[in-house]
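For reference, the structure discussed in these notes is given below.
2 protein chains.
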Amino acid sequence: MLDKYIRETGAKWMEGEGPHHNIVLSSRIRLARNFREVPFPSLAGDEETEQVINSVQESLKRGESGLGRPKTIKMKDLSSIDKQVMVEKHLISPLLAKEDRNSAVILSQDEDISIMLNEEDHIRIQCLFPGLQLEKAFEMADHIDDLIEESVDYAFDEELGFMTACPTNVGTGMRASVMLHLPALAITGQINRILSAVGQVGLAVRGLYGEGSEVVGNIFQISNQITLGQSEQDMIENLLGVTKQIVEQEEQARKKLEEDSELKVADKAGRSFGQLSYARIVTTKEALDLLSQVRLGVDMGLLKEVDATILDDLMVLIRPANLQKIAGKELESGERDTKRAEIIQKRINMNTDKQE
Amino acid sequence: MLDKYIRETGAKWMEGEGPHHNIVLSSRIRLARNFREVPFPSLAGDEETEQVINSVQESLKRGESGLGRPKTIKMKDLSSIDKQVMVEKHLISPLLAKEDRNSAVILSQDEDISIMLNEEDHIRIQCLFPGLQLEKAFEMADHIDDLIEESVDYAFDEELGFMTACPTNVGTGMRASVMLHLPALAITGQINRILSAVGQVGLAVRGLYGEGSEVVGNIFQISNQITLGQSEQDMIENLLGVTKQIVEQEEQARKKLEEDSELKVADKAGRSFGQLSYARIVTTKEALDLLSQVRLGVDMGLLKEVDATILDDLMVLIRPANLQKIAGKELESGERDTKRAEIIQKRINMNTDKQE
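Line order of the protein sequences matches chains A and B. The first sequence runs 160 to 515 under the numbering used here. The second sequence runs 160 to 515 under the numbering used here.
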């Protein structure tokens, strides 16, 4: 049963492969849109927010949405753990899980597209693809946006563009981001220089879990800061160009490690794998840091015991809400550290069993 | 071939069981004796030292020595690595390996008795038994001493006792020592208090590799300091009494760990085992520290992957000369760290293969 959960719970959008998937874990496009005639969600009444949900649902039925067989989930129907599970899978935002509003999410069959309703804005279309696929993600988001716009009157200003609840989103209403795994740049000490350069070209760097989150497991999110005065295509091209440069630098750093200190990398990857295999108490941060070393070892062909997707799978599974979902009950912090160690070992054994 | 070496090289005296073997790794008695009519080895000529070797060999043939089929090995016939291998197995002293003298060792068939000839003194009888067996070791050493004395005129003074090259051994010429593994006392922080108390009752505390050696792997040697003014039986009783007290305190500390922090101990043991299983570079000190945690986990029933003798076996096998003997060539320090990791994994796999 647990095996089944582990197999099925790993965020679906991460299962596929994608270009540069050894370094770019995922690409995300998010569009913020609002109804012209309805107050922003924080000011709207239940009837108005319900109208938003219904209108969007209806509009998606009028064409080929690309959502497969979508399901609409109302936040008020979910337990707080179930909401948090979705946050950890990056399917909804922490805000949507937190606010006690008449809000909902429409999920595509593959869970690669999620349309949040009555979050900060009425509509937030999110497309999340594995690897470096910003353009494809934008095409998909753009297509859904067009479909909704056929029947919904968006709040749009000729000069400013799309109006949003928060001024930082006004304009295109678009946030494009990539999630990068950069262990070699961290080991060679080049990461800080590169990240500060990224900041200079109008892009923001964040940790795995968004704004204000600590960097763990050498995982970085890079996204556009500016939503005004640039076309979506220009923004995506900018982010894409910077990402490709970082990917190349990470690849060069890995090549350098291979030449100069392959044994050290293998040693660290092996020890990290060994610890994950037999530890009994593991915090999230430590797990991600160890998984990062394991993943680097696998990527560099120095560790054969597991496959590369162990990082992708576990970075979701070991989060508090997912752990509690698996346990079927609330867990104290200490209990979570024990459960986490157990789940990690389950996942590792699924790999080693397969090999035998 | 390597497996065979690993199986056979582990010091034989450690293979057996003995009382309190989970805490007392070994018990050792050493008697220093000299010929009355021959100058101390540092002053003796080759003819005289040769006479010492022959006399002792002959005297051992005159009765039931308890050595089985002993072999006499002359130091000058050994390579420097072979000598060092014997030092690491505690079969000869570092001094015997170092001095360029006409010296030799007579080893019992089981390698639990070694009689060094022309070390600092003419004769050093050493008995090394697993577990807490000081009395048995003394009986054996005493028996051999008697046998030699039947045909050799010892340097003996009615007032002082046996004369030795170094004044610190004059009197009984006896050094009795035990090698203890005290991880729980180290974890609970009681170790320093206990060791300083040990110092107060005329006993000396040393690390695994004798005088001046750093404490690694929570392994301590405790021995008598005084050789004068006390009978052998009194000295042994004193050391035995203190050892039993320490064993009891270690057992209590383990019980306390079991009650208060079993999971933490299991976690540390597991992580240590995991690191030893997959590391690619390991120093001696780190290996012994990790093995100490593994052994504690096994002793407490918290780690099933290996058996307890892994510490006993590996504390010898991972030493520099043994590693080089296994490799069949000289190794630089860095190469030894890699070879060490390899040997440790071999030894672990011998365990896990057996389980399957």
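For each residue, glycine too, the CB sits at the ideal point set by N, CA and C.
- Note on geometry: alpha-carbon atoms of Asp393 (chain A) and Leu387 (chain A) lie some 11 Å from one another.
- The stretch 412-428 of chain B makes contact with the stretch 451-463 of chain B, as at least three CB pairs between them are under 8 Å.
- Within the same chain, Asp312 come within 7 Å of Glu196 (chain B) by CB-CB distance, once the 5 residues on both sides are set aside.
- Leu470 (chain B) is outside the set of residues whose beta carbon lies under 8 Å from a beta carbon in chain A.
- Annotation: the continuous alpha helix (DSSP H) that includes Val457 (chain A) extends over Thr443 to Asp458.
- Within the stretch 232-303 of chain B, the runs of beta strand (DSSP E) that reach at least 3 residues and sit entirely inside it are, in chain order, 263-266, 272-276 and 282-289.
- In the pairwise beta carbon analysis, the stretch 327-336 of chain B is classified as not touching the stretch 213-226 of chain B: fewer than three pairs are separated by under 8 Å.
- One alpha carbon belongs to Ser390 (chain B), the other to Glu489 (chain B), and they sit about 46 Å apart.
- Bridge partners of Gln380 (chain B) according to DSSP: B:Met338 and B:Arg365.
- Look at the stretch 437-448 of chain B: the residues with a C-beta under 7 Å from a C-beta of chain A are Tyr437, Ala438, Arg439 and Ile440.
- When DSSP states are grouped into helix, strand and coil, Phe432 (chain B) belongs to the helix group.
- The straight-line gap separating the alpha-carbon atoms of Ala203 (chain A) and Leu293 (chain A) is approximately 33 Å.
- The stretch 351-366 of chain A and the stretch 216-236 of chain A do not touch, with fewer than 3 CB-CB distances between them shorter than 8 Å.
- Non-local beta-carbon contacts of Thr442 (chain A) in its own chain, meaning distances under 7 Å to residues more than five positions away in sequence, involve Asp496 in chain order.
- Distances from the CA of Thr208 (chain B) to each of B:Val183, B:Met275, B:Leu250 and B:Gln483 were compared; the closest alpha carbon is that of B:Met275.
- In this structure, the CA atom of Phe297 (chain A) is about 36 Å from the CA atom of Glu464 (chain A).
- The closest CA to that of Gly429 (chain B), considering only A:Arg439, A:Val475 and A:Arg430, is found on A:Arg439.
- Between Gln285 (chain B) and Arg189 (chain B), the CB-CB gap stays under 8 Å.
- For Val197 (chain A), no beta strand (DSSP E) run applies, since DSSP gives it neither H nor E.
- Leu398 (chain B) and Arg228 (chain B) have their alpha carbons spaced roughly 31 Å apart.
- Residue pairing by DSSP places Leu190 (chain B) opposite B:Ile284 and B:Met333 in a beta bridge.
- Distance from the CA atom of Glu176 (chain B) to the CA atom of Leu184 (chain B), rounded to whole angstroms, is 9 Å.
- Closest by C-alpha distance to Lys423 (chain A), out of A:Leu470, A:Arg499, A:Ser436 and A:Ile346, is A:Ile346.
- Collapsing the DSSP output to three states places Gly320 (chain B) in a strand.
- By the Cβ neighbour-count rule, Asp259 (chain B) is exposed, with fewer than 16 other Cβ atoms within 10 Å of its own.
- According to the DSSP secondary-structure assignment, Val183 (chain B) is paired through a beta bridge with B:Leu339.
- Rounded to whole angstroms, the separation of the alpha carbons of Gly433 (chain A) and Ala467 (chain A) is 16 Å.
- In the three-state reduction of the DSSP assignment, Lys230 (chain A) falls in the strand class, which pools E and B.
- Excluding the 5 residues flanking it on each side, Ser310 (chain B) has same chain C-beta neighbours closer than 6 Å at Ser218, in chain order.
- In this structure, the alpha-carbon of Lys444 (chain B) lies about 28 Å from that of Leu447 (chain A).
- In the DSSP assignment, Tyr313 (chain B) is bridged to B:Phe194.
- In the three-state DSSP reduction, Pro479 (chain A) falls in the helix class (H, G or I).
- Taking a C-beta cut-off of 8 Å against chain B, the contacting residues of the stretch 465-499 of chain A are Thr497, listed in chain order.
- Per DSSP, reduced to three states, the secondary structure at Arg506 (chain A) is helical.
- Close partners of Ala425 (chain A) in chain B (Cβ separation under 8 Å): Arg439.
- Taking all protein chains shown into account, Glu278 (chain A) has 16 or more neighbouring C-beta atoms within 10 Å of its C-beta and is therefore buried.
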